[in-house]
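A quick write-up on the structure given underneath.
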């Protein structure tokens, strides 16, 4: 018996044999014809949350498999006035914290039925061109993992009526939503832990001074020291990397005023400095030197490092971003919100 498009080609075991539709894109109408249902039923079967009976959905999905049909998400978005595309603009994903953050954000956006587009910068900072590039797409929203993006660029997004969530920096601009760690509180926690362990000759190793988080962590460190009538032994800058922490750490620890403790602006630099102290200079940690980082990346908890740090929690921050998106979709005109994520000290073996 011949097999036609009106009858799926059955294979042993009750499955179906996929029909090669060539390069032409299969339409929903063809799936509907093969399954014996309406075009709207095919659409509902491929729409998250839409109702279609279990038996009818089985027939539709079976027919779709036979024909090699995949729904056109962008076309579907036109009818609903949503593309479901959400741009995530981030800096260099070699940064362990940003990599974990973006990975979890992408998964939660997928769970929300959104299609994330990740646009990565070429450095730890985000360039305005990276954000403007994202605006070439028909976006439902844009999430900027921002430390250096300008207010003018954010306003460009708003002019195109693209909702903006800025993560990692506070923006007081119209209906922009901002979310950021309470960096000042984190610096206070780090200095308090070092001071309470008897350290008074405390230094600071920061990153790019143009980044919002670095500005707050550095200012928070200085304020926390002054509250205890202490002056920093050394203030140094690096590039938020392990290699930078190692190289700058050697200079700090071999300088004329060697600190007995160092607070680092992120964990990567802290791990590099820790390696310089232990492996290169033969220092005992924490007997000769205390080290505290910031972020609590996975590597910091490894037994070989056991780094004391300030946790900048990823899960709550990502959850807040998703909640802000849902709230914005429900009420596009609402005022922007500012959310501070509270850090927590994770005191292991280096302080």
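Numbering (my numbering), first residue to last: 5 to 355. Glycine included, C-beta positions come from ideal geometry on N, C-alpha and C.
Handout entry: Span separating the alpha-carbon of residue 181 from that of residue 90
Key = One-based indexing of the chain shown puts residue 181 at position 177. One-based indexing of the chain shown puts residue 90 at position 86. If I take the Cα positions, the gap works out to 15 Å.
Problem - Backbone secondary structure at residue 236 - three-state DSSP - result: The residue given as residue 236 occupies position 232 in the chain shown. Coil, per DSSP.
Exercise for the section: Compute the distance between the beta-carbons of residue 132 and residue 157, then report whether it is under 8 Å. Expected result: Within the chain shown, the letter at position 128 stands for residue 132. Within the chain shown, the letter at position 153 stands for residue 157. Yes, the pair counts as a contact, with Cβ atoms nearer than the cut-off.
Practice task
Determine which residues share a DSSP beta bridge with residue 92 and list them.
Solution key: Against the chain shown, residue 92 aligns to sequence position 88. Residue 92 pairs with 122, 147.
Handout entry: Option nearest residue 337 by Cα separation, candidates 37, 154, 51, 167
Key = Locating residue 337 in the chain shown gives position 333, where the first residue counts as 1. When only C-alpha atoms are compared, the closest one is 167.
Exercise for the section: Indicate whether residue 137 and residue 123 have their beta-carbon atoms separated by less than 8 Å. Expected result: Against the chain shown, residue 137 aligns to sequence position 133. Against the chain shown, residue 123 aligns to sequence position 119. In this structure, residue 123 lies closer than 8 Å to residue 137 by Cβ.
Exercise for the section: Put residue 346 into one of helix, strand or coil per three-state DSSP. Expected result: Here residue 346 corresponds to residue number 342 of the chain shown, with the count starting at 1. Of the three classes helix, strand and coil, the one that applies to residue 346 here is coil, per DSSP.
Problem - residue 280: first and last residue of the uninterrupted beta strand (DSSP E) it sits in - result: Along the chain shown, one-based indexing puts residue 280 at 276. Looking at the DSSP string, residue 280 is not in any beta strand (DSSP E), and its letter there is neither H nor E.
Exercise for the section: Drop a sphere of 10 angstroms on the beta-carbon of residue 308, count the other beta-carbons inside from all chains shown, and report buried for 16 or more, exposed for fewer. Expected result: Walking along the chain shown from the start, residue 308 turns up at place 304. With fewer than 16 other Cβ atoms inside 10 Å of its own Cβ, residue 308 counts as exposed.
Handout entry: Reduced DSSP secondary structure (H/G/I, E/B, other) of residue 106
Key = Taking the first residue of the chain shown as 1, we reach residue 106 at position 102. Residue state, collapsed to three classes: helix.
Handout entry: Top-ranked residue by Cα proximity to residue 264, from 256, 55, 66
Key = In the chain shown, counting from the first residue as 1, residue 264 sits at position 260. The candidate whose alpha carbon is nearest that of residue 264 is 256.
Problem - Nearest candidate by alpha-carbon position, reference residue 280, set 145, 250, 314 - result: Translated into the one-based positions of the chain shown, residue 280 becomes position 276. The option with the nearest alpha carbon to residue 280 is 250.
Exercise for the section: Return the first residue and the last residue of the alpha helix (DSSP H) that residue 338 is part of. Expected result: Counting from 1 along the chain shown, the entry for residue 338 is found at position 334. Note, residue 338: premise wrong, no alpha helix (DSSP H); not H, not E.
Practice task
Enumerate in chain order the residues of its own chain whose CB-to-CB distance from residue 246 is below 6 Å, with the five nearest sequence positions on each side excluded.
Solution key: Counting from one through the chain shown, the residue named residue 246 turns up at place 242. Within its own chain, the residues whose Cβ lies closer than 6 Å to the Cβ of residue 246, once the five positions on either side in sequence are excluded, are 272, 275, 276, listed in chain order.
Handout entry: Sufficient close CB pairs (3 or more, under 8 Å) joining the region 331-345 to the region 194-205
Key = Result no; under three Cβ-Cβ pairs closer than 8 Å.
Practice task
Determine the DSSP secondary structure at residue 353, reduced to helix, strand or coil.
Solution key: If you number the chain shown from 1, residue 353 lands on position 349. It is coil, neither helix nor strand.
Problem - Residues of its chain near residue 232, where Cβ-Cβ distance is below 6 Å and the 5 sequence neighbours each way are ignored - result: On the chain shown, residue 232 is found 228 positions in, with the first residue counted as 1. Excluding sequence neighbours, residue 232 sits near 199.
Exercise for the section: Measure the C-alpha to C-alpha separation of residue 344 and residue 282 and round it to an integer number of angstroms. Expected result: On the chain shown, position 340 is the one that residue 344 refers to. On the chain shown, position 278 is the one that residue 282 refers to. If you take the alpha carbons of residue 344 and residue 282, they lie about 35 Å apart.
Handout entry: Residue of 38, 289, 235, 219 minimising C-alpha distance to residue 241
Key = Position 237 of the chain shown, counted from the start, is the residue given in the question as residue 241. Ranking 38, 289, 235, 219 by Cα distance to residue 241 puts 219 first.
Practice task
In the DSSP assignment, find the unbroken beta strand (DSSP E) run with residue 2 in it and report its ends.
Solution key: Because residue 2 is not part of the residues shown, which for the chain are 5 to 355, the question remains open.
Practice task
Measure the alpha-carbon distance for residue 13 versus residue 65 and round it to whole angstroms.
Solution key: As a working note, residue 13 is residue 9 in the chain shown. As a working note, residue 65 is residue 61 in the chain shown. Because residue 13 sits at a pLDDT of 47, beneath the cut-off of 50, its placement in the model cannot be relied upon, and the point is left open.
Practice task
Confirm, please, whether the CB-CB distance from residue 314 to residue 190 is below 8 Å.
Solution key: Taking the chain shown and counting its residues from 1, the one referred to as residue 190 is at position 186. Taking the chain shown and counting its residues from 1, the one referred to as residue 314 is at position 310. Closer than 8 Å, so yes.
Practice task
Classify residue 243 as helix, strand or coil using the three-state DSSP reduction.
Solution key: Position 239 of the chain shown, counting from 1, holds the residue named residue 243. Here residue 243 sits in coil by DSSP.
Exercise for the section: Can you say whether residue 149 is buried or exposed, counting buried as having 16 or more other CB atoms within 10 angstroms of its CB? Expected result: Locating residue 149 in the chain shown gives position 145, where the first residue counts as 1. Residue 149 is buried by the Cβ-count criterion.
Handout entry: residue 328 to residue 258 span [Cα, whole Å]
Key = Here the question's residue 328 lines up with position 324 in the chain shown. Here the question's residue 258 lines up with position 254 in the chain shown. So the two alpha carbons sit approximately 47 Å from each other.
Problem - Given residue 165 as reference, the closest of 173, 154, 178 once Cα atoms are compared - result: Working through the chain shown from its first residue, we reach residue 165 at position 161. It is 178.
Exercise for the section: Can you tell me which of 98, 87, 37 puts its alpha carbon nearest to the alpha carbon of residue 140? Expected result: Here residue 140 corresponds to residue number 136 of the chain shown, with the count starting at 1. Closest option to residue 140, Cα to Cα, is 87.
Practice task
State yes or no: is the C-beta of residue 300 within less than 8 Å of the C-beta of residue 310?
Solution key: Along the chain shown, one-based indexing puts residue 300 at 296. Along the chain shown, one-based indexing puts residue 310 at 306. No, the pair does not count as a contact, with Cβ atoms beyond the cut-off.
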